[in-house]
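Peer 1: Protein chains in written order, with my numbering: chain W, 4 to 119; chain L, 11 to 119. Cβ atoms here follow ideal geometry from the backbone N, Cα and C, with glycine treated the same way.
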Amino acid sequence: NAGVTQTPKFRVLKTGQSMTLLCAQDMNHEYMYWYRQDPGMGLRLIHYSVGEGTTAKGEVPDGYNVSRLKKQNFLLGLESAAPSQTSVYFCASRNRDRTSTNEKLFFGSGTQLSVL
Amino acid sequence: SQQGEEDPQALSIQEGENATMNCSYKTSINNLQWYRQNSGRGLVHLILIRSNEREKHSGRLRVTLDTSKKSSSLLITASRAADTASYFCATVGYSTLTFGKGTMLLVSP
Numbered sequence: 004n005a006g007v008t009q010t011p012k013f014r015v016l017k018t019g020q021s022m023t024l025l026c027a028q029d030m031n032h033e034y035m036y037w038y039r040q041d042p043g044m045g046l047r048l049i050h051y052s053v054g055e056g057t058t059a060k061g062e063v064p065d066g067y068n069v070s071r072l073k074k075q076n077f078l079l080g081l082e083s084a085a086p087s088q089t090s091v092y093f094c095a096s097r098n099r100d101r102t103s104t105n106e107k108l109f110f111g112s113g114t115q116l117s118v119l
Numbered sequence: 011s012q013q014g015e016e017d018p019q020a021l022s023i024q025e026g027e028n029a030t031m032n033c034s035y036k037t038s039i040n041n042l043q044w045y046r047q048n049s050g051r052g053l054v055h056l057i058l059i060r061s062n063e064r065e066k067h068s069g070r071l072r073v074t075l076d077t078s079k080k081s082s083s084l085l086i087t088a089s090r091a092a093d094t095a096s097y098f099c100a101t102v103g104y105s106t107l108t109f110g111k112g113t114m115l116l117v118s119p
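(1) Can you give me the start and stop residues for the beta strand (DSSP E) that residue 66/L sits inside?
(2) Ignore the nearest five residues each way along the sequence and tell me which others in residue 66/L's own chain have a CB closer than 7 Å to its CB.
(3) Within the continuous beta strand (DSSP E) that includes residue 75/W, where are the two ends?
(4) Who are the Cβ neighbours of residue 94/L in its own chain at under 7 Å, not counting the five residues just before and after it?
(5) What are the residues of the region 23-46 of chain W that lie near chain L, defined by any Cβ-Cβ distance shorter than 9 Å?
(6) Quick check: is the beta carbon of residue 81/W nearer than 8 Å to any beta carbon in chain L?
(7) Could you tell me whether the Cβ atoms of residue 28/L and residue 16/L are closer together than 8 Å?
(8) Taking 8 Å as the threshold (beta carbon to beta carbon), is residue 12/W in contact with chain L?
(9) Would you grab the beta carbon distance between residue 118/W and residue 16/W for me? Rounded to a whole angstrom, and I think it's under 8 Å.
(10) Helix or strand or just coil, what does DSSP make of residue 59/W?
(11) Using a Cβ-Cβ cut-off of 8 Å (strictly less than) and excluding sequence neighbours within five positions of residue 56/W, which residues of its own chain qualify?
(12) Could you list which residues in chain L have their beta carbon closer than 7 Å to that of residue 121/W, in chain order?
(13) Give the residues from the region 67-94 of chain L that approach chain W closer than 7 Å (Cβ to any Cβ), ordered along the chain.
(14) Under a three-way DSSP split, which group does residue 9/W fall into?
(15) Taking the C-alpha atoms as reference points, what is the distance between residue 80/W and residue 87/L?
(16) Going by the beta-carbon positions, is the gap between residue 97/W and residue 107/W smaller than 8 Å?
(17) Can you name, in chain order, every residue of its own chain whose Cβ lies under 6 Å from the Cβ of residue 28/W, other than the five neighbours on each side?
(18) Please classify residue 40/L: is it buried, with 16 or more other beta-carbons within 10 angstroms of its beta-carbon, or exposed?
(19) If we call anything under 8 Å between Cβ atoms a contact, is residue 116/W one with residue 88/W?
(20) Please confirm if residue 32/L has its CB atom under 8 Å from at least one CB of chain W.
(21) So is residue 121/L in contact with chain W if we call contact Cβ pairs under 8 Å?
(22) Alpha carbons only, please: which of 18/L, 47/L and 38/L is nearest the one belonging to residue 93/W?
This is how it looks when you write it as structure tokens:
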């Protein structure tokens, strides 16, 4: 099993350009998340999904959109990139079953995005 | 805003010593988790403690939870150079996990 796979791993954008980050998981997890990590700020939740076809806003959703058309994929879009979106982006997933110990998150290896 | 706040922000110890990190949070939780992040990598789950538990062990890890004080601590015993990483606590609500800013641990040989 690959676990959680993020593509691309690195990307440089110019201000105003758009791009989509792809997250794929092969663990049949219901819940998927997008976080951004900035120095000194820890991880902040951008958007999340509790199932196919559903999405919800997290702590810092402005400037991002997401889609969960298939259970295994969660896409994060930047329609018009800004320098403030320079960050490392992490995708994560987990089971929905809250009666077990399987509430832990499984993380991808991250996407380093620079917006010039 | 961040739910959990780790303390200290950075910790430097020698191999063989114990490392203790603390986490404080603000609202009620279902459970609290600790994660490790090696430089440039994704986070890896270490241990989960439920709101009705007070202490939990896993190998060299010991986690405590005090819901009355809204705090948790992670103890790593007999630290190794390979334990060098950032450590994050995450508080679990209904659907989401909220992470603190982390403690950077450096273990010197």
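Peer 2: Straight from the coordinates:
(1) 65-68
(2) 57, 59 and 73
(3) Per DSSP, residue 75/W belongs to no beta strand (DSSP E) and is neither H nor E.
(4) 115, 116 and 117
(5) 34, 36, 38, 40, 43, 44, 45 and 46
(6) no
(7) no
(8) no
(9) 5 Å
(10) strand
(11) 71 and 72
(12) The structure shown does not extend to residue 121/W, since chain W is modelled only from 4 through 119, so no value can be given for it.
(13) none
(14) strand
(15) 42 Å
(16) yes
(17) 7, 75 and 96
(18) exposed
(19) yes
(20) no
(21) Because chain L spans 11 through 119 in this model, residue 121/L falls outside it and cannot be assessed.
(22) 47/L
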